[in-house]
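Residue numbers (our numbering), protein chains in the order written: chain A, 506 to 607; chain B, 190 to 355.
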């Protein structure tokens, strides 16, 4: 295997991001799709921090911190949307939420 | 030591992520797998000597976000109904295969490159002090904008989740 480098972390980030995309594409439960979006954000964060470590500069970590802030807001708003959708439609299946289909 | 921790945490992170996607029975199981993945990612940040981001990861993701997910799942009393729906989306299987192939290729390409083994950094790298000083000097506008964004998020969540009283 050899010694690891910050670049190995990019590979882990790529795998987690791919799993997240796969989840969003295949799962139909809105809450699980939402968790997969969180996985993708986390993979991006890991990539940012690994690049930050590789060049020895803190900026990438600050960027990751801001991504976390946005993710927290996004979860609060998204789960509120899911709650109001379940209240109106009584389902979490994304295929049943087609009111805005043109 | 560092190698061992990297492999342990990365295997845990990937297994947790796969568990999120592959749990069809109950979204609670997905949320608990998400916790495993988030904690393993926090471990990876600490292996990368980014202590501050690692601790924030534990507090914000494993602490707040996943608890919010669990709270909503239990509030709505959801069960099942999340299995992949291949009939309505026949292209999804193909896109999944393409995606896995691309990520495997990327993985091999990444691991094949001969990079500098482990660059040395300043001892203050990634400490709460260094990040805090940067946040409150060079990035103070970003912090302000983040505060406004959080306020907007709070208001939006309350308005959206409120029961109609008319």
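Ideal placement from N, C-alpha and C gives every residue a C-beta, glycine not left out.
Restricting attention to alpha helix (DSSP H) runs no shorter than 4 residues, the segment 232–269 of chain B encloses them at 240–245 and 255–265, ordered along the chain. Here the alpha carbon of residue 575(A) sits roughly 17 angstroms from the alpha carbon of residue 244(B).
The three-state secondary structure of residue 215(B), taken from DSSP, is coil. As computed with DSSP, residue 598(A) is found in a beta bridge with 534(A). For residue 569(A), the chain B residues whose Cβ falls inside 7 angstroms of its Cβ are 242, in order along the chain. Fully enclosed alpha helix (DSSP H) runs of no fewer than 4 residues occupy 317–324 of the segment 291–348 of chain B, in order along the chain.
Cα atoms of residue 556(A) and residue 306(B): separation of roughly 14 angstroms, rounded to the nearest angstrom. By the rule that beta-carbons nearer than 8 angstroms mark a contact, residue 245(B) touches chain A. Chain-order list of chain A residues neighbouring residue 318(B): empty, with the shortest C-beta distance near 11 angstroms, by a criterion of under 8 angstroms. At least one CB atom of chain A sits nearer than 8 angstroms to the CB of residue 345(B).
Taking the Cβ atoms as the reference, residue 217(B) lies roughly 6 angstroms from residue 262(B), within the contact range of under 8 angstroms. Rounded to the nearest angstrom, the gap between the Cα atoms of residue 586(A) and residue 318(B) is 37 angstroms. With a threshold of 8 angstroms between beta carbons, residue 228(B) makes no contact with chain A.
Listed along chain A are 554, each with a C-beta nearer than 7 angstroms to that of residue 234(B). Within chain A, the residues 578, 581 and 582 have their CB atoms less than 7 angstroms from the CB of residue 342(B), given in chain order.
The DSSP-derived three-state label of residue 589(A) is helix. Look at residue 314(B): its C-beta is under 8 angstroms from a C-beta on chain A. For residue 525(A), the closest C-alpha among the options 513(A), 542(A), 571(A) and 578(A) is that of 542(A). Shown here for residue 313(B): same chain residues with a beta carbon closer than 8 angstroms to its own, the five before and five after excluded, namely 319 in chain order. Burial state of residue 325(B) is exposed, judged by a 10 Å Cβ sphere holding fewer than 16 other Cβ atoms.
Distance from the CA atom of residue 336(B) to the CA atom of residue 301(B), rounded to whole angstroms, is 42 angstroms. A straight line joining the alpha-carbon of residue 530(A) with that of residue 219(B) spans about 16 angstroms. Between residue 226(B) and residue 209(B) a beta carbon distance of about 7 angstroms is seen, short of the 8 angstroms cut, so the two are scored as contacting.
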